[in-house]
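Numbering follows this note's numbering, with no gaps: position 303 of the first sequence is 304.
We put the CB at the ideal spot given by N, CA and C, even for glycine.
Here the structure is a predicted model, which is why all the values come from computation and not from measurement.
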Amino acid sequence: MALNIYNTITRKKESFEPLKAGEVSLYVCGPTVYSGAHVGHAMSSLVFDILRRYLEYRGYKVRHVMNYTDVDDKIILRAMHEERDPFEMAEEYINQYAGQLLDLNILPASANPRVSAEMPQIIATIQGLVDKGYAYPAEGDVYFRVEKDEDYGRLSGRKLDDMQAGSRIDVDARKEHPMDFALWKAAKEGEPFWESPWGKGRPGWHIECSAMCLHHLGEQIDIHGGGNDLIFPHHENEIAQSESLTGKPFARYWVHNGMMQLSGEKMSKSLGNLVTIEDFLAKNEAEVLRLMVLNSSYRSPLTFNDEVIEAASKGLERLRNGLRPAFAGAAGASAETKAALAAQAETTTAAFTAAMDDDFNSAGALGHLFDLVRVINATRDAGATNEELAAAQDCLRQLTGVFGLRLEKAASGGAEAAPFIDLLVAVRTAVRKEKLWALSDQIRDQLAELGVTLEDGKDGSTWRFG
RNA sequence: GGCGACGUGGCCAAGUGGUAAGGCAAGGGUCUGCAAAACCCUGACCACGGGUUCGAAUCCCGUCGUCGCCUCCA
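Set out below in structure tokens:
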């Protein structure tokens with residue numbers, strides 16, 4: 002069974018075959034750091050984290066690059082308003098985002114290049130395009146000549162003529178064609194700048210990604226990802242730049258995630274309808290957001306509201322319950338029950354893989370995990386011991402691990418507290434035998450205040466942190 | 001106006017030709033001193049109208065609706 006990936010450029014699911022057997026180069030467009038990131042950015046990073054984890058689960062060695070755009074009009078503008086250094090400000094947001102990615106359990110990329118540190122490569126890329134006649138300088142700016150690129154528009158399915166018809170762009174007299182876009186912008190008074198063959202200035206938005214890809218991953222890459230709002234013009238222009246320069250196909254697979262929807266609209270900085278990662282994590286666990294992402298198709302818009310958060314939160318709890326230990330004093334399950342559990346684990350693993358192989362159908366795969374949870378719980382109810390549950394629980398642990406879900410919370414009380422809690426529970430069991438309910442409830446309530454949840458089963462009590 | 005996506009039970013959401021996964025919520029039940037958890041049971045004929053087919057949520061056409069891109073955006 003082969004992995005299939007939906008490729009934006011062909012609008013079809015295609016069998017995944019990397020350039021080099023067993024290895025995958027993955028480039029994901031990161032944020033422009035001019036303010037705090039919101040859960041939509043987190044969604045994108047989560048989508049590609051899940052994609053990466055699954056590729057690794059399938060045995061691929063993944064080289065993952067995500068950039069930070071730290072040189073940009075908005076950053077400069079904002080820094081000017083706040084009367085501070087734009088680089089310092091960008092640095093601050095980069096550090097914040099990097100920290101949030103860790104909080105969200107997103108695997109660190111192999112490299113996180115940023116524009117300000119890649120200037121020689123960027124300038125060389127632009128120079129190469131000028132040399133080949135794909136770009137031309139104009140009064141300190143440098144523009145890409147779209148008409149020279151014969152298949153311009155093939156990613157987004159647009160034609161130059163159509164775009165002209167509906168264009169709302171002010172026609173810049175220096176451009177040969179209205180759709181020509183800037184590779185280099187001459188610096189205005191008071192703006193940060195770099196020296197270049199065309200004078201003082203800074204790079205345009207799209208060229209950075211072409212240059213960084215080239216620098217960190219080479220002329221051709223396997224997967225290029227980002228939000229679907231980047232398809233045009235950003236990724237379209239990247240293709241134009243990269244392929245014009247190298248003469249080779251740029252990315253084999255273009256993967257785009259859908260937008261986070263808040264009250265029926267795309268969440269975005271410019272619309273202002275956003276929930277920051279910081280705010281979200283202040284109220285919810287990181288796993289909740291991850292489960293929300295997992296529970297729907299990465300290509301579709303993701304509904305974000307309180308009800309969905311609540312549902313994800315409960316669903317997470319349910320997955321966790323699957324890992325709970327056997328009941329104290331469990332007598333062991335019947336051979337038939339044990340066999341059914343083993344069979345379910347096997348079925349689940351196969352179904353999980355089949356679903357994920359189908360363009361990372363995580364929602365389908367997640368459904369199969371819940372099936373496994375149900376059978377584990379039923380088996381526990383049937384009196385299975387920890388040993389009898391272990392294999393299936395390991396299976397659940399492994400597959401949720403592929404999703405990047407952390408089901409086991411760090412023991413807040415520390416392992417050294419366990420023997421004492423065990424003792425208390427044993428005493429309480431004796432107390433309950435005497436039907437001293439008030440005392441028994443008091444022990445449970447007070448343990449709860451200390452962060453220990455106690456639950457009474459048919460054959461005994463279980464406890465856990467949290 | 002151009003390009004694209006989507007419309008599945010109260011909510012979220014898989015499923016893209018053979019009579020609808022899963023989660024949350026709701027109701028009923030089992031277990032139970034209480035609590036919690038768990039387990040079992042209950043509900044949709046898939047926006048609407050045509051068409052293709054032995055057979056369609058799944059393919060084609062049309063209508064309505066929602067969303068995205070076309071300007072910075074994950």
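Look at the Cβ atom of residue i, then the Cβ atom of residue j, and state whether they are nearer than 9 Å.
i, j, result
"ALA327", "ASN238", "no"
"ILE123", "ALA136", "no"
"ALA105", "LEU56", "A small fix is needed here, since residue 105 is Leu in this sequence, not Ala. Going by C-beta atoms, LEU105 is not nearer than 9 Å to LEU56."
"SER46", "ASP223", "no"
"ALA125", "ALA241", "no"
"CYS214", "VAL116", "no"
"HIS369", "ALA385", "no"
"ALA383", "THR338", "yes"
"TYR144", "LYS189", "no"
"HIS235", "GLY226", "no"
"SER269", "GLY41", "yes"
"ILE77", "GLU192", "yes"
"ASN306", "LEU246", "no"
"ARG79", "SER111", "no"
How would you label residue i, buried or exposed, when you count the other beta carbons within 10 angstroms and need 16 or more for buried?
i, result
"THR33", "buried"
"ASN258", "buried"
"LEU103", "exposed"
"PHE281", "buried"
"ARG85", "exposed"
"LEU424", "exposed"
"HIS82", "exposed"
"ASN96", "exposed"
"ARG375", "exposed"
"ASP50", "buried"
"GLU244", "buried"
"ASP87", "Per the sequence shown, the amino acid found at residue 87 is Pro instead of Asp. Per the 10 Å Cβ criterion, buried."
"GLU89", "exposed"
"ASP132", "exposed"
"THR11", "exposed"
"GLY452", "exposed"
"SER271", "exposed"
"LEU440", "exposed"
"ASP181", "buried"
If you draw a straight line from the C-alpha of residue i to the C-alpha of residue j, how long is it?
i, j, result
"LEU130", "TRP255", "23 Å"
"ALA118", "TYR69", "10 Å"
"SER301", "THR380", "36 Å"
"GLU347", "ILE107", "28 Å"
"PHE251", "ASN274", "35 Å"
"SER297", "HIS217", "32 Å"
"PHE194", "PRO114", "19 Å"
"SER36", "ARG465", "40 Å"
"THR277", "TYR94", "13 Å"
"LEU52", "LYS13", "18 Å"
"VAL403", "THR454", "28 Å"
"PHE17", "ILE6", "6 Å"
"LEU20", "TYR28", "14 Å"
"LEU390", "ASP457", "19 Å"
"GLU288", "SER157", "33 Å"
"GLU286", "GLN447", "24 Å"
"LYS75", "GLU308", "34 Å"
"ILE422", "GLY467", "14 Å"
"TYR58", "MET293", "21 Å"
"PRO138", "ARG146", "10 Å"
"ALA431", "SER335", "29 Å"
"ASP359", "ASN8", "12 Å"
"MET120", "GLU92", "16 Å"
"GLN221", "CYS210", "13 Å"
"ARG159", "LYS315", "43 Å"
"GLU409", "ARG429", "26 Å"
"GLY365", "LYS436", "47 Å"
"ALA174", "ARG155", "26 Å"
Measure how close the beta-carbons of residue i and residue j come, nearest whole angstrom, since I'm counting them as under 8 Å.
i, j, result
"LEU342", "ILE377", "7 Å"
"MET261", "LEU317", "No, MET261 and LEU317 are not in contact; Cβ-Cβ is about 19 Å, not under 8 Å."
"GLY323", "LEU397", "5 Å"
"GLN394", "ASP372", "No, GLN394 and ASP372 are not in contact; Cβ-Cβ is about 14 Å, not under 8 Å."
"ALA187", "GLU140", "7 Å"
"PRO204", "VAL72", "7 Å"
"ARG291", "LEU367", "Not confirmed; about 11 Å, so no contact."
"GLY23", "GLY60", "7 Å"
"ALA352", "THR463", "Actually they are not in contact, since the Cβ atoms of ALA352 and THR463 sit about 29 Å apart, beyond 8 Å."
"ASP142", "TRP206", "Not a contact, Cβ separation roughly 13 Å."
At a cut-off of 8 Å, would you count residue i as near the ligand COA, judging by its Cβ distance to the nearest heavy atom?
i, result
"GLY134", "Absence of the ligand COA is noted for the structure shown, with no ligands found whatsoever."
Quiz item: Which whole runs of the beta strand (DSSP E) in the region 148 to 220 are 3 residues long or more, in chain order?
Solution: 182 to 187 and 202 to 204
Self-check item: Contained beta strand (DSSP E) runs [length at least 3] in the region 379 to 464, N- to C-terminal order
Solution: 453 to 457
Quiz prompt | Completely contained beta strand (DSSP E) runs for the region 41 to 94, where each covers 3 or more residues | solution = With a minimum length of 3 residues, the continuous beta strand (DSSP E) runs that stay inside the region 41 to 94 are 62 to 67.
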